[in-house]
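Structure first, then comments.
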Amino acid sequence: MLGNSDITDETWDDVEALLIQADMGVPTTQRVLSDLQAKVRKEGITRADQINNALKEVLRSLLSEPPVPNISGRPLSIILIVGVNGSGKTTSIAKIANRLNNNGRKVMLAAGDTFRAAAIEQLQTWGQRIGVPVVANKPGSDPAAVVFDAASAAHARGCDILIVDTAGRLHTNYNLMEELAKIKAISAKVIPDAPHEVWLVLDGTTGQNALEQAKKFREQVDVTGIIVTKLDGTAKGGMIFSIFNELKLPVHYVGLGEGVTNLVFFDPDNFVNSLFDEN
Ligand SMILES: Nc1nc2c(ncn2[C@@H]2O[C@H](COP(=O)(O)OP(=O)(O)OP(=O)(O)O)[C@@H](O)[C@H]2O)c(=O)[nH]1
Ligand SMILES: [Mg+2]
Numbered sequence: 038m039l040g041n042s043d044i045t046d047e048t049w050d051d052v053e054a055l056l057i058q059a060d061m062g063v064p065t066t067q068r069v070l071s072d073l074q075a076k077v078r079k080e081g082i083t084r085a086d087q088i089n090n091a092l093k094e095v096l097r098s099l100l101s102e103p104p105v106p107n108i109s110g111r112p113l114s115i116i117l118i119v120g121v122n123g124s125g126k127t128t129s130i131a132k133i134a135n136r137l138n139n140n141g142r143k144v145m146l147a148a149g150d151t152f153r154a155a156a157i158e159q160l161q162t163w164g165q166r167i168g169v170p171v172v173a174n175k176p177g178s179d180p181a182a183v184v185f186d187a188a189s190a191a192h193a194r195g196c197d198i199l200i201v202d203t204a205g206r207l208h209t210n211y212n213l214m215e216e217l218a219k220i221k222a223i224s225a226k227v228i229p230d231a232p233h234e235v236w237l238v239l240d241g242t243t244g245q246n247a248l249e250q251a252k253k254f255r256e257q258v259d260v261t262g263i264i265v266t267k268l269d270g271t272a273k274g275g276m277i278f279s280i281f282n283e284l285k286l287p288v289h290y291v292g293l294g295e296g297v298t299n300l301v302f303f304d305p306d307n308f309v310n311s312l313f314d315e316n
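In my numbering, the protein residues as written are 38 to 316.
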């Protein structure tokens, strides 16, 4: 897009449009633009085609490496997975559990989404496929009770990590948000300080909507990190920058497909490079 002409007002309009189209959202776009303009002035850049590298550096500077998750497994670490309907919670749990399991961690899953019978079966099917035990109860049973049973069992069996699936919910659903609070409280009854991590799963294809959800969600639960799914599809990925800039939350994993291995650690360098990759 950026030819070898001089930088004009039109160039900046083009860059702004590009960032908005990439799902970056207005506040983060404005920040990137002003950082970029400052950099261009400072470095004496005059041609539009030289902006590319400067933009790459500005974008990279917004991101940071995720911290090591608080899942030492001593005694038992509990990860609570939350998010709206269909964002990819259950699939991401299977992917993460599989990865941890392959790394020699002793993992157990809790079917805390008791809302739909299919949700319990979905988690059980994944558990069988990846060889990780799943604690479940009947559909309609109390999710907090399931989590209590699962945490007790995981602790008794000397597991390192328990990952808790939960029903999809909107931050506006009072009862479901109360249910999350109850699940958190029950976890802490079995293991002090649990849950150790609360990861919010965001559907990357929903862009700025997902960001708005995340803002509301974290007002209700102490979210410690983000998983962005479906970045293999039509998602443009700009929301990742707004997660860092506006939410100040780390992105731990990125989902790149429906398969159990389609999960990568979030790597800021790789991510920014991929955005500029001509191929
Ligand atoms: N392409 C792609 N599809 C994904 C990814 N992650 C999840 N999905 C698909 O998204 C759909 C929903 O995934 P689930 O894991 O069931 O989502 P959920 O958040 O548990 O849904 P609920 O339990 O209904 O709230 C499924 O068809 C998944 O295969 C991903 O990274 N890429
Ligand atoms: Mg689910």
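Every residue gets a Cβ at the ideal spot worked out from N, C-alpha and C, and that includes glycine.
Since the model is a prediction, treat every value here as computed from it, not as a measurement.
Practice prompt. Would you mind working out which of Asp-51, Ala-222, Gln-257 sits nearest Leu-237, comparing C-alpha positions?
Written response: Considering only alpha carbons, the answer is Gln-257.
Worksheet item: So what's Gly-149 in DSSP terms, helix, strand or just coil?
Response: Correct three-state label for Gly-149: strand.
Worksheet item: beta strand (DSSP E) containing Ile-118: first to last residue?
Response: That run of the beta strand (DSSP E) goes 114–119.
Practice prompt. Can you tell me which of the three DSSP states Leu-293 falls into?
Written response: Residue state, collapsed to three classes: coil.
Fill in: Short Cβ contact (8 Å threshold) for Val-63 with Val-95
Going by beta carbons, Val-63 and Val-95 fall outside the 8 Å limit.
Discussion item. Rounded to whole angstroms, what is the Cα-Cα separation between Phe-278 and Leu-99?
Written reply: Taking the straight line from one Cα to the other gives about 7 Å.
Practice prompt. Have a look at Ile-82, Phe-302, Phe-254 and flag the residue whose alpha-carbon is nearest the alpha-carbon of Ile-264.
Written response: It is Phe-302 whose Cα lies nearest to the Cα of Ile-264.
Worksheet item: According to DSSP, what are the bridge partners of Phe-302?
Response: Under DSSP, the beta-bridge partners assigned to Phe-302 are Tyr-290.
Worksheet item: Cβ-heavy atom distance between Lys-126 and ligand 2 below 7 Å?
Response: Distances from the CB of Lys-126 to the heavy atoms of ligand 2 include at least one below 7 Å.
Worksheet item: If you draw a straight line from the alpha carbon of Asp-314 to that of Asn-139, how long is it in whole angstroms?
Response: Their backbone Cα atoms lie some 31 Å apart in a straight line.
Item to complete: Report yes or no: do the region 192–207 and the region 68–85 share at least 3 C-beta pairs separated by less than 8 Å?
Response: As far as the Cβ criterion goes, the region 192–207 does not touch the region 68–85, which means the pair count is below three.
Discussion item. Please give the ranges of any beta strand (DSSP E) in the region 133–194, keeping only runs that are unbroken, at least 3 residues long and fully inside the region.
Written reply: Fully enclosed beta strand (DSSP E) runs of 3 or longer: 144–149.
Item to complete: Along the alpha helix (DSSP H) that carries Thr-48, what are the first and last residues, could you check?
Response: Where Thr-48 is concerned, the enclosing alpha helix (DSSP H) stretches over 46–58.
Worksheet entry | Where the beta strand (DSSP E) through Asp-240 begins and ends | Note, Asp-240: beta strand (DSSP E), 234–240.
Fill in: Residues near Asn-41 in its chain [Cβ-Cβ closer than 8 Å; skip 5 each side]
Hits under 8 Å: Arg-84, Ala-85, Asp-86.
Worksheet item: To which residues of the same chain is Glu-53 closer than 7 Å at the C-beta, ignoring the five residues directly before and after it?
Response: Thr-66, Leu-70.
Worksheet item: On the three-state DSSP scale, how would you describe Leu-70?
Response: If DSSP states are grouped into helix, strand and coil, Leu-70 belongs with the helices.
Practice prompt. Starting from Leu-100, trace the beta strand (DSSP E) both ways and give me its first and last residue.
Written response: Secondary structure note for Leu-100: it is in no beta strand (DSSP E), with a DSSP letter that is neither H nor E.
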